[in-house]
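Trainee: Here it is, the structure in full.
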Amino acid sequence: MDNSIPMELLKFLSPEGTLFLLASLILLIGPFFREKVSWPLVSLIGFLVSYLLLLMQAGTASPGDNPYASVVLGGTLSNLIRHFSLGAGIFLLFLFWDRDRFQPETVGLLMILAGGSSMVGMANDLTVLYLGLELVTIPSYILLYCHGDSNSAESTMKYFFLSILSSAFLLLGIAFLYGLTGTTNIAAISDALLLADPAKLFGADALAAHRLLLIPILGILAGLGFKISMVPFHFYAPDVYQGAGYRMSAVLATMPKIAGFAGLIRIFAFALDHGGPAPTDFARDNIPVLFWILAFISITLGNLLALLQRNIRRIMAYSSIAHTGYILAAFAVASKAAPDSAFTGLSAAMFYLIVYFFSTFGIFAILHYLEQGRKPIRDWDDLAGTSKDNPVLAVALAIFLFSLTGIPLTGGFLAKFAIVYCCANVPFTLDDPVSWESHYLFILLALVIVLNAAVAAWYYLKLISGIFLKPVIWLEDKSYSFKPVLIPILASLLITVVLGIYPSLLLKPKAYQELIEKRPIAQGAGIHGPFQLADGKQ
Numbered sequence: 025m026d027n028s029i030p031m032e033l034l035k036f037l038s039p040e041g042t043l044f045l046l047a048s049l050i051l052l053i054g055p056f057f058r059e060k061v062s063w064p065l066v067s068l069i070g071f072l073v074s075y076l077l078l079l080m081q082a083g084t085a086s087p088g089d090n091p092y093a094s095v096v097l098g099g100t101l102s103n104l105i106r107h108f109s110l111g112a113g114i115f116l117l118f119l120f121w122d123r124d125r126f127q128p129e130t131v132g133l134l135m136i137l138a139g140g141s142s143m144v145g146m147a148n149d150l151t152v153l154y155l156g157l158e159l160v161t162i163p164s165y166i167l168l169y170c171h172g173d174s175n176s177a178e179s180t181m182k183y184f185f186l187s188i189l190s191s192a193f194l195l196l197g198i199a200f201l202y203g204l205t206g207t208t209n210i211a212a213i214s215d216a217l218l219l220a221d222p223a224k225l226f227g228a229d230a231l232a233a234h235r236l237l238l239i240p241i242l243g244i245l246a247g248l249g250f251k252i253s254m255v256p257f258h259f260y261a262p263d264v265y266q267g268a269g270y271r272m273s274a275v276l277a278t279m280p281k282i283a284g285f286a287g288l289i290r291i292f293a294f295a296l297d298h299g300g301p302a303p304t305d306f307a308r309d310n311i312p313v314l315f316w317i318l319a320f321i322s323i324t325l326g327n328l329l330a331l332l333q334r335n336i337r338r339i340m341a342y343s344s345i346a347h348t349g350y351i352l353a354a355f356a357v358a359s360k361a362a363p364d365s366a367f368t369g370l371s372a373a374m375f376y377l378i379v380y381f382f383s384t385f386g387i388f389a390i391l392h393y394l395e396q397g398r399k400p401i402r403d404w405d406d407l408a409g410t411s412k413d414n415p416v417l418a419v420a421l422a423i424f425l426f427s428l429t430g431i432p433l434t435g436g437f438l439a440k441f442a443i444v445y446c447c448a449n450v451p452f453t454l455d456d457p458v459s460w461e462s463h464y465l466f467i468l469l470a471l472v473i474v475l476n477a478a479v480a481a482w483y484y485l486k487l488i489s490g491i492f493l494k495p496v497i498w499l500e501d502k503s504y505s506f507k508p509v510l511i512p513i514l515a516s517l518l519i520t521v522v523l524g525i526y527p528s529l530l531l532k533p534k535a536y537q538e539l540i541e542k543r544p545i546a547q548g549a550g551i552h553g554p555f556q557l558a559d560g561k562q
């Protein structure tokens, strides 16, 4: 067997490799040439080269049949997450275009952050996935330290220590999963859990082995739950956002979520139903319940606590928690339903995540721009006069808030509708009482989403009223100049509106079949734990 690293794999990894190499060079030499080089422009060129290399891989399903190549996976979903991660990195880069004392370090860390998220999206091995997540987490709290305000020291330390704790939980889950299956290859783990025959494994002990799955599942959910601000691992978010400033809030509210949900898709792929025996039943009976509960409490708690806030960044933090719950609802459907609905659930989750990114980025970017050269914008009262001060951006800000609310003709409306539709159409069997109970539970979850959308409308419309309706006591004589951040703001606005009219550009359920139907087992990834295949297949 040829154990050399093949050219196919190096070519497959070239987009991320380009980002990491250029980021390393910027971090090494940037501090010596802070004022002489436009480091955001250098970073943008690196992003565009990486994007071009990724476009050249269109249609590539895998990086070859070499054992090393089994750690990553191509396909529709992988390519979507990689494109999304690089695109998100470019948008966030424009927030830091203005020169400051940490500019080389900032753009270099943003490139690493985007590359790490992209790695998670294509990971087919738990070690690669964990490495990608850490490449998102570590730059995040370094950036938070560099760009937080004077009150951010406590929130930065809180974020730092909690991120370490979340990584420990994630490693615990990965270790248990490796102990049960004997491999870190995700495709091999998936086949072990789906295709193993419990009757031929350990007899009565097979049930105990299945119950042991709850330990890695809970550990992984705890680790990833921190990345995506999921209840009950959300409590750091309001304090961190409040002390982070609008630019860093945009980073924390988006990129870790992209990586976290990509990790959830990769690790929990085995829960998707495609006709397996008892282990599939275990996954179908337990994982959807976990996602259902987490979605319910995240949606409800996030929206209710947002109602009590006046600080805009705290409102957006709790709103972010609620949006995590909406996406988890789609995950619950994907892990419970029959194959067609499973693909629909995944499609709805990714569509919602993309719409959420552009809407949230637009809000934070506009607030950051408006804050330049005027008094700080902290509470919703500070938005008074924005419609007179800068009417174009006021309208754009309102559209982004309408999108997060779920108002028609915005991407947010169709994103919420897709998830409600998924929940309301979970299949059931007439002669199966358990199936009926599950169906009614998802109907209840759909109603919870609708009711919470009404609750969220209250605090979003409160912000909009501050922009357009709140009396102006005094108005600054402020003339706004062109800044590069206006470019991604305009692009986000166009995408938000276009996806609200033509959702079919991204909402393509059948495109996600490759996640299940093209699950290659890695060469040399032996399965020798309690869930090894009964006939010895690998």
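Quick note: the sequence shown uses the numbering used here, first residue 25, plus one each step. By construction, the Cβ of each residue, glycine as well, lies at the ideal position given by its N, Cα and C atoms. This one's a predicted model, so the numbers in the text were calculated from it and none came from an experiment.
1) Using the C-alpha atoms, what's the distance from C170 back to A481?
2) Taking the alpha carbon of T130 as the point to measure from, which residue in F259, I351, L65, I244 has its own alpha carbon closest?
3) Spatial neighbours of L51 within its chain, please: CB distance less than 8 Å, with the 5 preceding and 5 following residues excluded, ordered by chain position.
4) Check this for me: beta carbons of P262 and S164, under 8 Å apart or not?
5) From what residue to what residue does the alpha helix (DSSP H) around M146 run?
6) Helix or strand or just coil, what does DSSP make of S102?
7) Starting from the C-beta of G566, find all residues in its chain whose C-beta is less than 6 Å away, skip the five residues before and the five after it, and write them out in chain order.
8) Report the residue from M146, V264, M254, R106 whose alpha carbon sits nearest the alpha carbon of F184.
9) Among A283, G269, V61, which residue has its Cα nearest to the Cα of L394?
10) Apart from the five residues just before and just after H107, which ones in its own chain have a Cβ nearer than 7 Å to its Cβ?
11) Assign A192 to buried or exposed, taking buried as 16 or more other Cβ atoms, counted over all protein chains shown, within 10 Å of its Cβ.
12) Going by Cα to Cα distance, which pick from I488, A112, L465 is closest to I136?
13) So, using beta-carbon positions, are G369 and A420 closer together than 8 Å?
14) What are the partner residues of N209, as DSSP defines its beta bridges?
15) When the Cα of P55 is compared with those of A448, R125, A477, D406, which residue comes out closest?
16) Express the C-alpha separation of S462 and F355 in angstroms, rounding to a whole number.
17) Thinking C-alpha only, which one of F388, S528, F492, Y154 is nearest S273?
18) Check this for me: beta carbons of I345 and G326, under 8 Å apart or not?
19) Under the DSSP definition of a beta bridge, which residues are partnered with V96?
20) With contact counted as at least three CB pairs below 8 Å, one residue from each stretch, are the stretch 507 to 524 and the stretch 421 to 440 in contact?
21) Tell me the DSSP secondary structure of N335 in three-state form.
22) Suppose you measure from the CA of N148 to the CA of L97; what does that come to, to the nearest Å?
23) Using the Cα positions of L514 and M80, report the straight-line distance between them to the nearest angstrom.
24) I'd like to confirm the pairing. Which residues does DSSP put opposite D413 in its beta bridges?
25) If you drop the 5 nearest sequence neighbours on each side, which residues of the same chain put their C-beta closer than 7 Å to that of I378?
26) Where does D124 fall in DSSP's three states?
27) For A4, which option in V450, F259, L510 has the closest C-alpha, if you only look at C-alpha atoms?
28) Do you know how far the Cα of W316 is from the Cα of E32?
29) Around the Cβ of L34, are there at least 16 other Cβ atoms within 10 angstroms (buried) or fewer (exposed)?
30) Could you check where the alpha helix (DSSP H) with L76 kicks off and where it finishes?
31) Taking the runs of the alpha helix (DSSP H) that are 4 residues or longer, which of them lie wholly in the stretch 379 to 440?
32) What does a CB cutoff of less than 6 Å around F200 pick up in its chain, not counting 5 residues either side in sequence?
33) For N335, which residues of its own chain have a beta-carbon under 8 Å away from its beta-carbon, when the five flanking residues on both sides are left out?
34) Can you tell me the Cβ-Cβ gap for L248 and G284, rounded? I've got them flagged as a contact below 8 Å.
35) Is it buried or exposed, I53, if we count other Cβ atoms within 10 angstroms and call 16 or more buried?
Mentor: If we stick to the structure as given:
1) Residue 481 sits at position 457 when you count from the first residue of the sequence shown. Residue 170 sits at position 146 when you count from the first residue of the sequence shown. One C-alpha to the other measures close to 34 Å.
2) Here residue 130 is taken as the residue at index 106 of the sequence shown, counted from 1. Cα-wise, what sits closest to T130 is L65.
3) The residue labelled residue 51 in the question sits at position 27 within the sequence shown. Excluding residues within five positions, the ones whose Cβ falls inside 8 Å are P128, E129, G132, L133.
4) Here residue 262 refers to the residue found at position 238 when the sequence shown is read from its first residue. Here residue 164 refers to the residue found at position 140 when the sequence shown is read from its first residue. Their beta carbons are not under 8 Å apart, which means P262 does not touch S164 by this criterion.
5) By 1-based counting over the sequence shown, the position of residue 146 is 122. Annotation: the continuous alpha helix (DSSP H) that includes M146 extends over 127 to 146.
6) For the purposes of this step, residue 102 is taken as residue 78 along the sequence shown, with counting starting at 1. Correct three-state label for S102: helix.
7) With the chain covering only 25 through 562, there is no way to say anything about residue 566.
8) Looking up residue 184 in the sequence shown gives position 160. Out of M146, V264, M254, R106, V264 has the C-alpha closest to the C-alpha of F184.
9) As a first step, residue 394 must be located in the sequence shown, where it is residue number 370. Closest by alpha carbon: G269.
10) Within the sequence shown, the letter at position 83 stands for residue 107. The answer, listed in chain order, is L78.
11) Position 168 of the sequence shown, counted from the start, is the residue given in the question as residue 192. With fewer than 16 other Cβ atoms within 10 Å, it is exposed.
12) Reading the sequence shown from its first residue, position 112 is the one you call residue 136. The shortest C-alpha separation from I136 is found at A112.
13) Here the question's residue 369 lines up with position 345 in the sequence shown. Here the question's residue 420 lines up with position 396 in the sequence shown. Cβ distance not < 8 Å, so G369 and A420 don't count as in contact.
14) Position 185 of the sequence shown, counted from the first residue, corresponds to residue 209. DSSP links N209 through a beta bridge to D149.
15) One-based indexing of the sequence shown puts residue 55 at position 31. For the residues A448, R125, A477, D406, the minimum Cα distance to P55 belongs to R125.
16) Counted from its first residue, the sequence shown places residue 355 at position 331. Counted from its first residue, the sequence shown places residue 462 at position 438. Distance between the alpha carbons of F355 and S462: 15 Å.
17) Position 249 of the sequence shown, counted from the first residue, corresponds to residue 273. The shortest C-alpha separation from S273 is found at F388.
18) Here residue 345 is taken as the residue at index 321 of the sequence shown, counted from 1. Here residue 326 is taken as the residue at index 302 of the sequence shown, counted from 1. In terms of Cβ geometry, I345 and G326 form a close pair [threshold 8 Å].
19) Locating residue 96 in the sequence shown gives position 72, where the first residue counts as 1. Answer is A147.
20) yes
21) One-based indexing of the sequence shown puts residue 335 at position 311. In this structure, DSSP gives N335 an extended state, which the three-state scheme calls strand.
22) As a first step, residue 148 is located in the sequence shown; it is residue number 124 there, counting from the start. As a first step, residue 97 is located in the sequence shown; it is residue number 73 there, counting from the start. So the alpha carbons of these two residues sit roughly 6 Å apart.
23) Working through the sequence shown from its first residue, we reach residue 514 at position 490. Working through the sequence shown from its first residue, we reach residue 80 at position 56. Roughly 27 Å separates the two Cα atoms.
24) In the sequence shown, the residue the question calls residue 413 occupies position 389. BP columns for D413 are empty, so no partner.
25) The sequence position of residue 378 within the sequence shown is 354, counting from 1. Taken in chain order, the residues that qualify are F108, L530.
26) On the sequence shown, residue 124 is found 100 positions in, with the first residue counted as 1. The answer is coil: DSSP assigns D124 none of H, G, I, E or B.
27) A question about residue 4 goes unanswered here, because the residues of the chain that appear run from 25 up to 562.
28) Here residue 32 is taken as the residue at index 8 of the sequence shown, counted from 1. Here residue 316 is taken as the residue at index 292 of the sequence shown, counted from 1. Rounded to the nearest angstrom, the two C-alpha atoms are 41 Å apart.
29) Working through the sequence shown from its first residue, we reach residue 34 at position 10. Flag for L34 reads exposed.
30) Translated into positions along the sequence shown, residue 76 becomes position 52. Unbroken alpha helix (DSSP H) run through L76: 63 to 79.
31) 410 to 413, 415 to 429
32) Translated into the one-based positions of the sequence shown, residue 200 becomes position 176. Excluding sequence neighbours, F200 sits near I239, P240.
33) By 1-based counting over the sequence shown, the position of residue 335 is 311. Excluding positions up to five away in sequence, the list reads Q266, R402, D403.
34) By 1-based counting over the sequence shown, the position of residue 248 is 224. By 1-based counting over the sequence shown, the position of residue 284 is 260. Taking the Cβ atoms as the reference, L248 lies roughly 5 Å from G284, within the contact range of under 8 Å.
35) As a first step, residue 53 must be located in the sequence shown, where it is residue number 29. Around the C-beta of I53, fewer than 16 other C-beta atoms lie within 10 Å, and the residue is accordingly described as exposed.
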